[in-house]
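A.B. asks:
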Amino acid sequence: MTDSEFLRRVKAELGRAYHDISNPLAIVQGNLELIAELRKAGAPPEELLDSIDDAHAALAGFHQPMQHLMTIRRLIDERLENGPE
């Protein structure tokens with residue numbers, strides 16, 4: 004793999020990781036803001052629990068981005084061990 008191909012692959016993995024991390028974070032942020040608004044309005048606990056469940060589900064989505072980051076680490080380790088081709 005040439006240096007240019009290597010950098011393109013690392014860049015693609017970083018893009019996937021960024022996308023996969025930013026989406027669940029936006030969901031968590033939105034649900035936490037909704038929970039705060041519902042608490043101020045005196046919402047019943049059931050309504051709060053739905054938002055909490057949504058936030059938990061979004062956090063579960065972090066597995067794939069972490070895999071992307073591990074792939075990037077592996078690519079860099081391989082390049083350091085084998086040197087450029």
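Residues 4 to 88 in the numbering used here are what the sequence shown lists, from first letter to last. Think of the CB as a built atom: it goes at the ideal place given N, C-alpha and C, for glycine as much as any other residue.
Going by CA-CA distance only, name the one from Gln70, Arg11, His59 that's closest to Leu28.
C.D. replies: The count along the sequence shown starts at 1 and reaches residue 28 at position 25. Nearest of Gln70, Arg11, His59 to Leu28, Cα basis: His59.
A.B. asks: Cutting at 8 Å between CB atoms, please list the residues of its own chain near Ile75, excluding the five before and the five after it.
C.D. replies: In the sequence shown, the residue the question calls residue 75 occupies position 72. The answer, listed in chain order, is Val13, Glu16, Leu17, Ala20.
A.B. asks: If we count the other Cβ atoms within 10 Å of its Cβ and call it buried at 16 or more, is Ile79 buried or exposed?
C.D. replies: On the sequence shown, position 76 is the one that residue 79 refers to. Ile79 should be labelled exposed.
A.B. asks: Let me confirm a value: Pro47 is counted as buried when at least 16 other C-beta atoms fall within 10 Å, else exposed. Which label applies?
C.D. replies: What you label residue 47 is simply residue 44 of the sequence shown in a count that begins at 1. Its Cβ having fewer than 16 others within 10 Å, Pro47 is exposed.
A.B. asks: Which residues in the same chain as Leu37 place their Cβ atom closer than 8 Å to its Cβ, once the five residues preceding and following it in sequence are excluded?
C.D. replies: Sequence index remark: in the sequence shown, residue 37 carries index 34 (1-based). Here the set comprises Ser54.
A.B. asks: Taking buried to mean at least 16 other C-beta atoms within 10 Å of its own C-beta, is Asn34 buried or exposed?
C.D. replies: Working through the sequence shown from its first residue, we reach residue 34 at position 31. Buried, by the Cβ-count rule.
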